[in-house]
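**Q**
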Amino acid sequence: MKVKVAINGYGTIGKRVADAVSLQGDMEVVGVTKTRPDFEARMGAEKYSLYAAIPDRVEAFENAGIKVEGTIEDLLEKADIVVDCSPGKVGAENKPLYEKAGVKAIFQGGEKAHIAEASFSALANYDDAVGKNFVRVVSCNTTGLARVLSILKDMYSLKKVRATMIRRVVDPKEDKKGLVNGIMPDPVKLPSHHAEDVKTVLPDVNIVTTAFKVPTTLMHLHSIAVEIDGDVNPDDVIARFEEEPRIMLFSKEEGFTSTAKIIEFAREYRLRYDLFENAVWRESINFHDGELYITQAIHQEAIVVPENIDAIRAMFELADKWESIKKTNRTLGIV
Ligand code: NAD
1 MKVKVAINGY
11 GTIGKRVADA
21 VSLQGDMEVV
31 GVTKTRPDFE
41 ARMGAEKYSL
51 YAAIPDRVEA
61 FENAGIKVEG
71 TIEDLLEKAD
81 IVVDCSPGKV
91 GAENKPLYEK
101 AGVKAIFQGG
111 EKAHIAEASF
121 SALANYDDAV
131 GKNFVRVVSC
141 NTTGLARVLS
151 ILKDMYSLKK
161 VRATMIRRVV
171 DPKEDKKGLV
181 NGIMPDPVKL
191 PSHHAEDVKT
201 VLPDVNIVTT
211 AFKVPTTLMH
221 LHSIAVEIDG
231 DVNPDDVIAR
241 FEEEPRIMLF
251 SKEEGFTSTA
261 KIIEFAREYR
271 LRYDLFENAV
281 WRESINFHDG
291 ELYITQAIHQ
301 EAIVVPENID
311 AIRAMFELAD
321 KWESIKKTNR
331 TLGIV
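Spelled out as structure tokens, the structure:
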């Protein structure tokens with residue numbers, strides 16, 4: 001029997017999670033929701049059964065000629081789990097619906113950690129989600145940091161991590177907000193909340209973070225410095241990253257001079273140019289005066305997609321950590 005998955009909020013993350021679920025043998029999409037009868041709703045209805053996220057909007061969809069099968073409540077009756085991909089903080093408003101329907105739920109990184117029994121990033125803490133009813137997949141930035149740090153933690157004794165995030169200001173489709181010409185400290189008061197978020201999945205890592213927004217939509221960039229007890233050969237780190245499918249190494253020598261070039265590569269490589277992997281610059285990996293340096297880019301629209309699939313498997317105890325990660329990697333083409 002396949003796990004029946006509902007997607008509440010067919011937006012940037014929701015449409016990607018829906019497509020990823022469809023590629024798995026042990027789960028299936030029973031429906032997706034939209035709040036408004038826009039072009040994304042029309043496209044969603046062509047691929048999946050569409051439901052109205054807000055019950056009194058059914059008529060609006062019908063008036064626009066978009067077929068809906070019912071409301072979110074109807075959809076929850078058919079589902080074993082709902083992946084809430086609504087905008088940040090809206091998931092908390094939706095949670096009582098899920099509790100009432102008696103379905104498990106996954107929330108995204110825009111929600112506060114206490115919404116769920118566990119925060120989740122597959123490499124860092126798969127087992128914390130096993131058998132749980134409510135899980136939060138951490139944000140794109142936190143996922144990017146958690147992957148790299150969980151690998152390094154297994155290799156070395158980490159003393160302190162300092163990470164600066166240079167964040168894309170909005171996603172490409174967002175035309176209502178943005179930053180046209182400037183660099184925005186966000187937050188101004190430091191450190192940023194990202195470090196605390198990393199600790200929700202890697203509690204014993206000593207980390208401090210800062211963050212700035214810049215006028216780009218393609219990717220985030222992280223500058224990471226890790227103080228390590230003892231000596232590090234950067235080649236060992238490169239070799240370990242080469243082995244890890246969820247990390248992809250890029251090299252300046254090959255022409256990857258910026259995030260623009262990484263996305264240009266991804267445009268040929270995957271549907272929607274989704275890079276599910278951390279994009280790490282090979283030459284950036286260097287050890288100097290007790291600190292390991294790494295520069296990586298994160299495709300914010302895609303990186304949490306495999307984590308949502310692994311979270312579903314953990315919550316239903318369908319597979320152990322490595323079995324799930326391997327299945328997800330294979331089906332999404334993460335090699
Ligand atoms: P989005 O705005 O692209 O999509 C949100 C969708 O939810 C839209 O289709 C919207 O119509 C729908 N929606 C609005 N109100 C709703 C409601 N009450 N119930 C159900 N659906 C509703 O947003 P997104 O970028 O996909 O973000 C979704 C979540 O994922 C947020 O928590 C966000 O923080 C997190 N996240 C986003 C990114 C990213 O870069 N886009 C990365 C990682 C995590």
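First residue of the sequence shown? That's 1 in the UniProt record's numbering, and the numbers climb one at a time after it.
Cβ coordinates follow ideal geometry from the N, Cα and C atoms, glycine included.
Only a predicted model underlies this, so the values are computations on that prediction, with no experimental measurement involved.
Within the continuous beta strand (DSSP E) that includes A118, where are the two ends?
**A** Here residue 118 corresponds to residue number 118 of the sequence shown, with the count starting at 1. Residues A118 to F120.
**Q** Cutting at 8 angstroms between CB atoms, please list the residues of its own chain near F212, excluding the five before and the five after it.
**A** For the purposes of this step, residue 212 is taken as residue 212 along the sequence shown, with counting starting at 1. T164, M165, I166, R167, I183, M184, P185 and D186, listed in sequence order.
**Q** On a Cα-Cα basis, can you pick out the residue from R270, D56, E69 and G25 that is closest to G44?
**A** For the purposes of this step, residue 44 is taken as the residue at position 44 of the sequence shown. For the residues R270, D56, E69 and G25, the minimum Cα distance to G44 belongs to E69.
**Q** Beta carbon of A53: closer than 7 angstroms to some heavy atom of the ligand NAD?
**A** As a first step, residue 53 is located in the sequence shown; it is residue number 53 there, counting from the start. Checking the Cβ of A53 against the ligand NAD gives yes.
**Q** Quick one: Cα of K81 to Cα of E28, how far?
**A** Counting from one through the sequence shown, the residue named residue 81 turns up at place 81. Counting from one through the sequence shown, the residue named residue 28 turns up at place 28. Contrary to the premise, residue 81 reads as Ile rather than Lys in this sequence. Looking at the two C-alpha atoms, the distance is approximately 11 angstroms.
**Q** According to DSSP, which residues form a beta bridge with P185?
**A** Here the question's residue 185 lines up with position 185 in the sequence shown. DSSP lists F212 as partners of P185.
**Q** Under 7 angstroms: does the beta carbon of P87 sit that close to some heavy atom of the ligand NAD?
**A** Along the sequence shown, read from residue 1 onward, the residue named residue 87 stands at position 87. Yes, the beta carbon of P87 sits closer than 7 angstroms to at least one heavy atom of the ligand NAD.
**Q** Measuring from the CB of V304, is there a heavy atom of the ligand NAD at a distance below 7 angstroms?
**A** As a working mapping, residue 304 is identified with position 304 in the sequence shown. With a threshold of 7 angstroms, the Cβ atom of V304 counts as near the ligand NAD, since some heavy atom of the ligand is closer than that.
**Q** Going by alpha carbons, who is nearest to E301 out of C85, N133, A64 and S22?
**A** Start at 1 with the first residue of the sequence shown, and residue 301 comes out as number 301. When only C-alpha atoms are compared, the closest one is C85.
**Q** So D229 and S157 are supposed to be a Cβ contact under 8 angstroms. How far apart are they, rounded?
**A** By one-based count along the sequence shown, residue 229 stands at place 229. By one-based count along the sequence shown, residue 157 stands at place 157. That pair is a contact at about 4 angstroms.
**Q** By how many angstroms is the C-alpha of N63 removed from the C-alpha of L145?
**A** Within the sequence shown, numbered from 1, the residue matching residue 145 stands at position 145. Within the sequence shown, numbered from 1, the residue matching residue 63 stands at position 63. C-alpha separation (whole angstroms): 45 angstroms.
**Q** Exposed or buried, which one is L190 when buried takes at least 16 other CB atoms within 10 Å?
**A** If you number the sequence shown from 1, residue 190 lands on position 190. Label assigned to L190: exposed.
**Q** Do you know how far the Cα of G333 is from the Cα of D320?
**A** Looking up residue 320 in the sequence shown gives position 320. Looking up residue 333 in the sequence shown gives position 333. Approximately 20 angstroms, taken between the alpha carbons.
**Q** Does at least one heavy atom of the ligand NAD sit under 7 angstroms from the Cβ of V82?
**A** Position 82 of the sequence shown, counting from 1, holds the residue named residue 82. V82: no, Cβ never under 7 angstroms from the ligand NAD.
**Q** Mind checking which residues open and close the alpha helix (DSSP H) that includes T295?
**A** Numbered from its first residue, the sequence shown carries residue 295 at position 295. T295: not part of any alpha helix (DSSP H); member of the beta strand (DSSP E) spanning E291 to I298, first to last residue.
**Q** Can you name, in chain order, every residue of its own chain whose Cβ lies under 6 angstroms from the Cβ of K252, other than the five neighbours on each side?
**A** Mapped onto the sequence shown, residue 252 falls at position 252. Taken in chain order, the residues that qualify are E283.
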